[in-house]
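In this note's numbering, the protein residues as written are 1 to 755.
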């Protein structure tokens with residue numbers, strides 16, 4: 001027991017220090033501020049609030065009737081209904097739940113990475129340094145603006161750790177652990193990190209498995225089979241939704257819209273070269289990018305690699321050398337993928353591999369790049385510790401750092417005090433005010449980076465390795481804290497007076513449309529742009545007064561910006577979601593569907609008649625709530641010519657169940673202006689009948705003359721089938737663990753009897 005405690009204490013100390021480092025990065029939280037930026041506020045929080053409300057009612061949220069004309073909710077993997085950390089949204093204020101889960105996730109990313117590289121054979125200090133490099137990388141901190149992406153990414157190191165142990169030990173138990181870790185990535189809410197995890201693990205298996213026997217293949221099959229079996233309850237519905245959404249028809253230009261421009265690779269060394277949200281700067285290939293991922297891992301990661309790479313390459317074949325070569329190759333490959341449309345490789349993959357036709361944003365490949373480079377940095381750190389740093393090499397590097405520092409200082413002083421004298425003659429070709437901010441920001445970046453560079457050489461030469469780790473932390477804190485956006489919780493208000501008014505006047509058969517769903521606003525995207533880009537690069541309403549009050553943000557939330565109508569249970573024909581049904585988008589936009597953004601339909605150019613067909617009864621405008629006089633009811637009876645053929649009234653209006661009372665004057669069709677989707681069943685007077693499509697997207701059912709009760713029920717078969725598969729797979733996992741435990745017990749007993 002004493003030996004166990006002595007072995008555990010250093011790792012516990014590492015965990016405590018990582019927790020303290022995380023607290024420093026998110027220090028505004030301790031003064032009552034919460035995270036809110038980007039898709040967290042636009043997408044994650046409304047979904048989480050809706051899911052929490054339904055779950056508190058004891059109902060699994062299968063359908064969302066409040067966006068578009070209805071869309072699957074559980075099938076949208078980004079809702080993360082089954083992710084364990086989603087429970088925080090049931091018991092905490094949604095903003096605090098988001099903040100707590102995000103901070104926990106960053107911390108867990110560091111802990112799991114530390115355990116992973118320790119298992120690879122790194123020293124504790126090298127593992128600690130590389131863990132900080134990963135958890136505070138630009139990639140991980142950039143993902144704090146969208147929780148599903150972060151949740152699916154943080155388990156990558158632990159999945160790799162468990163898979164590594166499964167292969168090394170031939171252990172079924174660790175294969176099951178790896179499968180459950182991968183399942184957490186899937187439940188987390190974003191499939192792209194899962195794809196990169198699978199590719200990385202399979203590549204590792206191919207690289208290190210010399211013999212392709214069953215015992216070597218078993219961990220791979222167990223990982224893939226068990227993980228997708230456990231998550232079948234969300235994977236099967238998600239695949240169906242992806243097939244029926246606009247993502248299934250995504251072209252190459254759309255898929256590669258967020259490709260990493262080759263020039264932006266310079267930000268791996270100077271992260272503030274092209275943009276800096278804190279000063280509102282953006283220029284060059286980063287023009288109008290909103291706090292995007294620089295991929296920055298710290299200048300000291302590249303310093304340590306520069307010092308050790310040659311030695312590692314020239315060394316005879318060793319396990320660490322093979323690990324270094326594998327992860328360096330993975331990093332280079334990931335970086336090429338992140339370039340997207342700027343290389344022919346991504347187009348080949350887009351053409352040949354179906355999964356690449358569903359995802360957009362090649363720059364997300366910076367996740368495996370960050371993990372791989374952090375591993376390489378840890379191996380290089382151990383090499384420097386082992387070999388040391390010669391006086392000659394240290395002197396040369398210090399001269400280089402001093403030169404960089406001097407150049408940075410000169411430009412900084414010129415930009416601060418004599419910029420007009422040097423730059424005014426070129427003002428015909430440049431914008432003086434912008435150039436002054438650019439020169440000042442970039443030169444400050446150079447000064448700080450060169451200072452860290454020089455100090456790192458000194459501490460490495462003197463073998464003060466814990467001081468080097470401290471410099472690594474400061475490097476990442478200075479340059480990557482730009483991604484942590486917080487605001488005082490008391491300043492954000494979810495309450496909406498227009499929302500309450502609409503709750504009182506909106507009938508079950510009606511929808512509303514907020515003016516924020518049209519030009520010049522598009523949800524909250526315009527707000528984030530104003531936060532990250534300011535004068536002299538663009539005019540902004542994110543002034544010091546706005547930072548003190550957040551009046552404009554609260555106004556947009558009060559006016560029910562995209563998705564925040566869900567909080568009040570108010571249906572709208574628009575929305576912002578991970579998936580939009582192709583049939584619905586085609587109905588609204590016709591032949592313009594190819595130019596749509598994948599996660600919204602945009603109602604600026606939609607014909608008024610189509611809004612009437614969607615039963616838009618009220619418009620929320622700057623003048624207040626305006627009633628439409630031309631809408632058609634959400635449920636109506638029409639004949640073959642489209643004329644009214646009776647009356648229809650919605651008696652029960654629940655997300656997964658709608659009951660309509662029909663009084664038909666003659667034979668006709670009952671139209672319900674909600675989206676048709678697999679799983680919706682319709683019963684007329686208790687008898688199930690075939691559901692049709694009206695105008696290609698709405699639900700319809702034939703009715704005879706007379707009085708009828710029509711019931712629509714959502715019973716998604718793939719959810720139920722997936723639940724059965726998930727339950728069955730969990731039982732299999734338990735049996736596999738029990739079997740391995742039993743075998744180990746017998747083996748131990750055998751040797752005990754012989755001894």
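Positions of the beta carbon are idealized from the N, C-alpha and C atoms, including for glycine.
Beta-carbon separation (whole angstroms), residue i vs residue j, contact threshold 8 Å
i	j	result
residue 44	residue 98	7 Å
residue 374	residue 134	4 Å
residue 284	residue 534	Not quite, the Cβ-Cβ distance comes to about 17 Å (not below 8 Å), so this is no contact.
residue 700	residue 692	4 Å
residue 61	residue 51	5 Å
residue 151	residue 80	6 Å
residue 355	residue 195	6 Å
Beta-bridge pairing of residue i - partner residues as DSSP gives them
i	result
residue 245	581
residue 487	34
residue 681	713
residue 699	672 and 693
residue 275	282
residue 706	664
Distance between residue j and residue i (C-alpha atoms, nearest Å)
i	j	result
residue 389	residue 178	39 Å
residue 688	residue 146	42 Å
residue 746	residue 733	20 Å
residue 53	residue 643	39 Å
residue 566	residue 331	41 Å
residue 362	residue 282	21 Å
residue 720	residue 714	12 Å
residue 257	residue 359	11 Å
residue 174	residue 208	18 Å
residue 171	residue 553	53 Å
residue 492	residue 618	26 Å
residue 365	residue 717	34 Å
residue 555	residue 496	9 Å
residue 678	residue 577	19 Å
residue 737	residue 573	49 Å
residue 735	residue 229	15 Å
residue 347	residue 14	43 Å
residue 185	residue 105	12 Å
residue 310	residue 199	28 Å
residue 471	residue 140	19 Å
residue 640	residue 694	11 Å
residue 155	residue 272	29 Å
residue 245	residue 191	15 Å
residue 296	residue 274	13 Å
Same chain only: Cβ atoms within 8 Å of residue i, ignoring 5 sequence neighbours per side
i	result
residue 490	32
residue 447	405, 408, 409 and 412
residue 726	229, 230, 231, 232 and 233
Residue i and residue j closer than 9 Å at C-beta
i	j	result
residue 401	residue 476	no
residue 138	residue 40	no
residue 398	residue 457	yes
residue 130	residue 381	yes
residue 306	residue 268	no
residue 193	residue 77	no
residue 571	residue 67	yes
residue 682	residue 636	no
residue 539	residue 288	no
residue 312	residue 377	no
residue 473	residue 136	yes
residue 459	residue 439	no
residue 584	residue 697	yes
residue 581	residue 610	no
residue 22	residue 103	yes
residue 75	residue 255	no
Contacting residues, own chain, Cβ-Cβ under 6 Å from residue i (five flanking each side not counted)
i	result
residue 665	645 and 646
residue 277	291, 482 and 532
residue 125	465
residue 64	71 and 73
residue 634	509, 615 and 673
residue 437	281
residue 626	619
7 Å CB neighbourhood of residue i in its chain, flanking five on each side removed
i	result
residue 46	563, 564, 566 and 567
residue 685	708 and 709
residue 632	612, 613 and 615
residue 94	45, 48 and 49
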